[in-house]
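Asks: Let me give you the structure first, and then I'll get to my questions.
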Amino acid sequence: MPRPFKPTVSDAAIDDLRHRLSKTRLPDPELVGDWSQGVPIRVARKLCEDLSEHDFRPCLDRMAALGSFRIDIDDLDIHFLHVEGPKDATPLVLTHGWPGGIVEFLNVAEALSKHFHLVIPSLPGFGFSTAPRQTGWGLERIADAWAKLMTRLGYDRYVAQGGDWGSEVSLLLAHRHPDACVGAHVNMVSARAPKAVKSDPTEAEARQMARLADWGRMEMAYFRQQASRPQTLGYALADSPLGQACWIAEKFHAWTDRSDGKDFGTVPYSRLLDLISLYWFTNSATSSSRLYWESGYGSGATRIDAPVACALYPAEINAPSRRWAENRFGNIVHWSEMPSGGHFAALEAPDLFVADVVKGVGAILS
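Residue numbers for the sequence shown follow my numbering, so the first one is 1 and each next one is one higher.
Spelled out as structure tokens, the structure:
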């Protein structure tokens, strides 16, 4: 059965973080005036200073207040938030990705709970979910674990929602357990371009294929590293809090809608520091990276015929046309192209995110 779990961080761990940050050795400054060589040293210095002063405990208190639990599934302690909605509400299981966490959903939980019963688990090896001690914990096994979680909570009919890895887990949950998970809402729409798109693309499809090609050349280093040698990378990230901070912050810069000119767009800076703190205090840099080793190059290929609701945000790298997406998804019941936002939709555009989840789930259930 689920056990109440209060996430905490010790004074000793906080002191250790501050000590390590005070002893940080910075590299030479970048030779360019932008982010093309990585995190600029001005941003690194600010992260170092702000992370040292950041109070992570209010974030932990928020988790506890929403309803924080752990449950044993397949010899792992899975941490999850459980927020009950109206009596006859539909259960909704929300899954984050990398470098995300359940922190992404803290600011939208109250609004979503007016419509749904919320179950918000941390992926295995992320945050306060324990790390697997054997190989084999890929996306399919996680989807099966989520099915067990929902059954044990007494939910026999529900919808899944997710972005990044969470989109794949949600889709596989609907695909593998259709009698219980009746559909998925995703804010990252991953599909491989069919021959019709490649041979005769529209202008928008041609731009997207070129964008994906550029992204593959310039932005895929993190993916290849984590999919091939997560352990080697982990030694650096587990030892250097600024290294961990920059590894995460770089993705928030690259994957968010920065039309406002800010380094991290509309992502609340305090939430970014919360997320960095979550990875640091749980020492989950290596265990979270292993999901790429387990599933990275094989993800996004499974044909999905379950009802799917798709929300496309303009700064999200995966922005296929509808006919492109239909090459993978056989039953798209809701399609929306959002006016703003990016990869971290719940943090960047919470109102848009909540409204579209409500509409998308409604379409799945109708």
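Don't be surprised by glycine CBs; every beta carbon is placed ideally from N, CA and C.
As the structure is a computational prediction, the values presented were derived from the model and not from experiment.
Between which two residues does the beta strand (DSSP E) harbouring E337 extend?
Replies: Residues 332–337.
Asks: In chain order, which beta strand (DSSP E) runs of at least 3 residues are fully inside the segment 98–174?
Replies: Qualifying beta strand (DSSP E) stretches, in chain order: 116–121, 158–162.
Asks: In terms of residue numbering, what span does the alpha helix (DSSP H) encompassing H253 cover?
Replies: It spans 241–255 - the alpha helix (DSSP H) in which H253 sits, taken as one unbroken run.
Asks: Give the DSSP-derived three-state secondary structure of F353 in the structure shown.
Replies: Of the three classes helix, strand and coil, the one that applies to F353 here is helix, per DSSP.
Asks: Roughly how many angstroms lie between the CA atoms of P241 and S129, to the nearest whole one?
Replies: Going by the C-alpha atoms only, they are around 20 Å apart.
Asks: Starting from the Cα of V333, find the closest Cα among T302, V186, S228, A349 and give me that residue.
Replies: Minimum Cα distance to V333 is reached at V186.
Asks: Mind the definition here: the segment 223–230 touches the segment 340–352 only if three or more C-beta pairs lie below 8 Å; say whether that holds.
Replies: Taking 8 Å as the limit for Cβ pairs, the verdict is that the segment 340–352 does not touch the segment 223–230.
Asks: Between Y155, L112, C181, which has its C-alpha nearest V308's C-alpha?
Replies: The shortest Cα separation from V308 among Y155, L112, C181 belongs to C181.
Asks: Are P2 and M63 touching if we call contact CB-CB under 7 Å?
Replies: Result no, Cβ atoms of P2 and M63 do not sit closer than 7 Å.
Asks: Reducing DSSP to helix, strand and coil, say where P2 ends up.
Replies: P2: coil per DSSP, three-state reduction.
Asks: Where do the N-terminal and C-terminal ends of the beta strand (DSSP E) with V83 fall, by residue?
Replies: Note, V83: beta strand (DSSP E), 76–83.
Asks: Can you have a look at M218 and say buried or exposed, based on whether 16 or more other CB atoms are within 10 angstroms of its CB?
Replies: Flag for M218 reads exposed.
Asks: Using alpha carbons as the reference points, say which of D356, R290, D263 lies closest to T232.
Replies: Selected option, being the one with the closest Cα: R290.
Asks: In the DSSP assignment, what residue or residues form a beta bridge with S68?
Replies: BP columns for S68 point to L81.
Asks: Measuring straight from C-alpha to C-alpha, what distance separates W98 and W247?
Replies: Computed Cα separation, rounded: 11 Å.
Asks: Helix, strand or coil for A306, going by three-state DSSP, please let me know.
Replies: Correct three-state label for A306: coil.
Asks: Mapping the DSSP letters down to three states, classify G362 as helix, strand or coil.
Replies: Reduced to three states, the DSSP call for G362 is helix.
Asks: In whole angstroms, what is the alpha-carbon distance linking P91 and R152?
Replies: Spanning the two alpha carbons is a distance of roughly 13 Å.
Asks: With burial defined as no fewer than 16 other Cβ atoms inside 10 Å of the residue's Cβ, what is the status of P58: buried or exposed?
Replies: Flag for P58 reads exposed.
Asks: In three-state terms, what does DSSP make of A89?
Replies: A89 falls in the coil class under three-state DSSP.
Asks: Going by DSSP, name the residue or residues bridged to C181.
Replies: Bridge partners of C181: Y158.
Asks: What would DSSP say about V197, mapped onto helix, strand or coil?
Replies: Note: V197 maps to helix in three-state DSSP.
Asks: Measure the beta-carbon distance from L212 to A249 and round it to whole angstroms, keeping in mind my assumption that it falls under 8 Å.
Replies: Going by Cβ atoms, the distance from L212 to A249 rounds to 23 Å, so no, they are not a contact pair.
Asks: Hey, A174 and A306 are a contact pair by Cβ (cut 8 Å); roughly how many whole angstroms apart?
Replies: The pair is a contact, with the Cβ atoms about 4 Å apart (cut-off 8 Å).
Asks: Note down, in chain order, each residue of its chain lying with its Cβ closer than 7 Å to the Cβ of L172, except the 5 sequence neighbours on either side.
Replies: Closer than 7 Å at the Cβ level, and outside the excluded window around L172, lie L139, E140, A143, T302.
Asks: Taking the CB atoms as reference points, tell me whether D61 and R70 lie closer together than 7 Å.
Replies: No, Cβ-Cβ distance for D61 and R70 is not below 7 Å.
Asks: Considering only residues of the same chain and omitting the five flanking positions on each side of W280, which have a CB-CB separation below 7 Å?
Replies: Here the set comprises L17, P241, Q244.
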